[in-house]
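Just below is one structure, and these are the notes that go with it.
Numbering (mature numbering (1 follows the signal peptide of the UniProt record, and there is no 0)), first residue to last: -22 to -1, 1 to 258.
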């Protein structure tokens, strides 16, 4: 999966990081990296954390869910003359026209382990093929729409503390639907420094989402989220994510926390699929 919005932004520069479990923006990870900007150089795994370099940053010209090259920040592409299909959300990087995917060889995260091609696991249960992406270019702001009904956006019912976080009809330019991550640590904040938070700081299924003043001096895990297309994981419970309560697509339905389908079943839960639209 690619960048916070590799899903819709063209030619965004990203670092590909292996997601063996839910991983949040800014946390240390292991990245796809070229050993050199030269023909025939091996593509390997390496520990990268927050460090974007010319050898672990990539350009995906066509964006997510579109066939195209994956080009290193120099001028070489992964496997010349071969095209790849990066997916949005926690997902695979597939070789179009085949059943092969980019795969971490022997599950080995040691620096220098060369990446291989392997039969795709269509159930997305093979962690060696699930990739997360950290944006090198951070968005200034973003909106979040429901994948199954893109006319609905994650919305603050007001900008007041304890205001409910709901779905509502998308309104371009709405200050109650325009979010940012001011510290690039996983917060989802309005312009007036109110962050999406778990009500009561409780990370249980069914906990409703509200606004509370963004914590700036320390890390509040109840305000941290992965905000990229796909499931929006909670920093307080990595296997739980933002969920459309009871699947009700009526404006003003307050959102909740719920166990992510990705970790419990092979069946997609469309109440948890979101599209993040970034503005750079």
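All C-beta atoms in this analysis are idealised placements derived from N, C-alpha and C, irrespective of residue type, glycine included.
Problem set entry | Cβ neighbour criterion (16 or more within 10 Å) applied to residue 229 | exposed
For this session: Closer than 7 Å by C-beta to residue 22: which residues in its own chain qualify, once you throw out the five before and the five after it? Chain order, please.
Result: 11, 13, 90, 91, 92, 93
Problem set entry | Alpha-carbon to alpha-carbon, residue 120 and residue 184 | Spanning the two alpha carbons is a distance of roughly 25 Å.
Exercise. In angstroms, rounded to a whole number, what distance separates the CA positions of residue 227 and residue 144?
Worked result: When rounded, the distance between both Cα atoms is 10 Å.
For this session: List the endpoints of the continuous beta strand (DSSP E) containing residue 237.
Result: 234 to 237
For this session: With DSSP collapsed to three states, give me the class of residue -4.
Result: Bear in mind that a pLDDT of 38 at residue -4, under 50, signals an unreliable position, so the model cannot answer this.
For this session: Could you tell me which residues DSSP pairs with residue 175 in its beta bridges?
Result: 188
Exercise. By a C-beta neighbour count over all protein chains shown, 10 Å radius and 16 as the cutoff for buried, is residue 209 buried or exposed?
Worked result: buried
Problem set entry | residue 297 in three-state terms, based on DSSP | Residue 297 is absent from the model: the chain starts at -22 and stops at 258.
Exercise. Would residue 217 pass as a contact of residue 200 if the rule is Cβ separation under 8 Å?
Worked result: With contacts defined by Cβ atoms closer than 8 Å, residue 217 and residue 200 do not form a contacting pair.
Exercise. Within this structure, are the beta carbons of residue 139 and residue 74 separated by less than 8 Å?
Worked result: no
For this session: Could you tell me how far apart the beta carbons of residue 134 and residue 108 are, in whole angstroms, since I believe they sit closer than 8 Å?
Result: So it is not a contact: roughly 31 Å between Cβ atoms.
Exercise. Got a sec: is the Cβ-Cβ distance from residue 174 to anything in chain B below 8 Å?
Worked result: The structure shown contains no chain B, having only a single protein chain.
Problem set entry | Where residue 213 sits in the DSSP three-state scheme | DSSP places residue 213 in coil when its eight states are reduced to three.
For this session: Leaving aside the five residues before and after residue 178 along the sequence, list all residues of the same chain whose C-beta is less than 8 Å from its C-beta, in chain order.
Result: For residue 178, where only same-chain residues beyond five positions count, the Cβ hits under 8 Å are 185.
For this session: Report, in whole angstroms, the separation of the C-beta atoms of residue 125 and residue 251, which I expect to be a contact under 8 Å.
Result: Cβ atoms of residue 125 and residue 251 come within 8 Å of each other, at about 4 Å.
Exercise. When DSSP builds the beta bridges, which residues end up paired with residue 20?
Worked result: Residue 20 is not bridged to any residue.
Problem set entry | For residue 148, the nearest candidate out of 154, 96, 129, 136 (CA to CA) | 129
Problem set entry | Reference residue 106, options 131, 72, 117, closest by Cα | 72
Exercise. Ends of the beta strand (DSSP E) at residue 120?
Worked result: 119 to 124
Exercise. Since residue 157 sits in a beta bridge, which residues does DSSP pair it with?
Worked result: 120
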